[in-house]
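Okay, so the sequence shown: first residue is 201 according to the working numbering, each after it adds one.
Cβ coordinates follow ideal geometry from the N, Cα and C atoms, glycine included.
One structure is given here, and the rest of the page talks about it.
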Amino acid sequence: AMQQGIARLYVDVPDQPLPVASFTHVGFRVYTRQTIWRLPATAVASLGEVLPNNIRPQQKEDDWGLRRLYTRVTPQPVQQAEGQQMHEIVNPPILDWWQPFVRNSFVLVVKNQIEGCIRIGYGHRGVWLQIWVDTTNADSTFIHQLIRFALTEVWKHHVRKPVYLGVRDYHGALGTVLSEYGFAPFTDRAKMVKHLMQWVKAAESITTPVLETVPEAVVAPYHLPHLPKREVLPER
201 AMQQGIARLY VDVPDQPLPV ASFTHVGFRV YTRQTIWRLP ATAVASLGEV LPNNIRPQQK
261 EDDWGLRRLY TRVTPQPVQQ AEGQQMHEIV NPPILDWWQP FVRNSFVLVV KNQIEGCIRI
321 GYGHRGVWLQ IWVDTTNADS TFIHQLIRFA LTEVWKHHVR KPVYLGVRDY HGALGTVLSE
381 YGFAPFTDRA KMVKHLMQWV KAAESITTPV LETVPEAVVA PYHLPHLPKR EVLPER
């Protein structure tokens with residue numbers, strides 16, 4: 201996988217000791233847990249009479265606002281697990297609206313700021329909703345608006361299948377709101393990740409050439425050789 205440039209692997213397993221432990225032993229770790237809530241097909245209905253007028257289809261120009269929303273409502277460890285690491289150019293999941301199973305993606309805009317996003321995916325066995333909104337806010341108005349809008353969209357497309365939505369462990373009051381529309385907990389899942397490559401910041405040592413020391417030459421004193429005096433003989 202590393203040779204193909206894959207930075208991480210993901211698995212979504214039942215939140216039970218055996219499967220979680222099995223993947224933990226091979227290097228995976230849990231980065232969030234979620235409960236899948238289910239709405240029976242017979243409960244899907246139109247809520248058009250209370251639909252807000254501040255929800256519209258997602259556009260390419262919304263990317264920056266969606267990034268800000270994702271950063272605001274997603275804990276930092278989850279962001280890192282989903283690819284938001286330093287020096288890494290990866291779109292957060294909120295921008296993966298082009299996936300084949302996603303038919304519609306909508307944003308909730310208040311005062312030119314994106315306050316929520318809901319995505320509707322249609323499958324053979326049901327409809328999958330994904331939601332990004334501040335679920336820790338005591339005022340759950342935005343959550344209600346997004347859920348009502350999504351259920352009405354499903355009903356308008358004449359889809360009569362169960363509707364599923366994952367409530368993560370940091371989603372606060374989302375489960376309470378879902379129960380008001382007929383959703384009920386269906387199964388618990390653990391989302392796990394295995395990092396294959398990690399960015400490491402290390403100091404690089406710089407080698408400098410060292411001149412080899414040469415012994416210093418000591419100049420010895422130089423003296424002219426002492427020659428014996430020559431005797432001069434008288435001429436005959």
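- Residue pairing by DSSP puts TRP237 in a beta bridge opposite LEU365, PRO385.
- Just so you know, the alpha carbons of VAL310 and PHE223 end up roughly 42 Å apart.
- Judged by DSSP secondary structure, ILE347 falls within the alpha helix (DSSP H) whose first and last residues are 341-356.
- ASP369 is the residue among LYS394, ASP369, HIS357 whose C-alpha sits nearest the C-alpha of TRP237.
- For LEU308 against ASN253, the beta-carbon gap comes to about 11 Å, at or over 8 Å, which does not count as contact.
- Using a Cβ distance threshold of 8 Å, THR271 and GLY375 do not count as a contacting pair.
- Beta-carbon to beta-carbon, ILE318 and PHE342 are separated by about 10 Å, too far to satisfy the 8 Å threshold.
- Taking 8 Å as the cut-off, the Cβ atoms of ARG267 and ASP388 do not count as close.
- Under the three-state reduction of DSSP, PHE306 is assigned to strand.
- Relative to ILE294, the option among ASP215, ALA221, TRP264 whose CA is nearest is TRP264.
- Boundaries of the alpha helix (DSSP H) around ARG268: 263-273.
- Nearest neighbour of HIS395 by Cα position, chosen from VAL333, TYR231, SER379, turns out to be TYR231.
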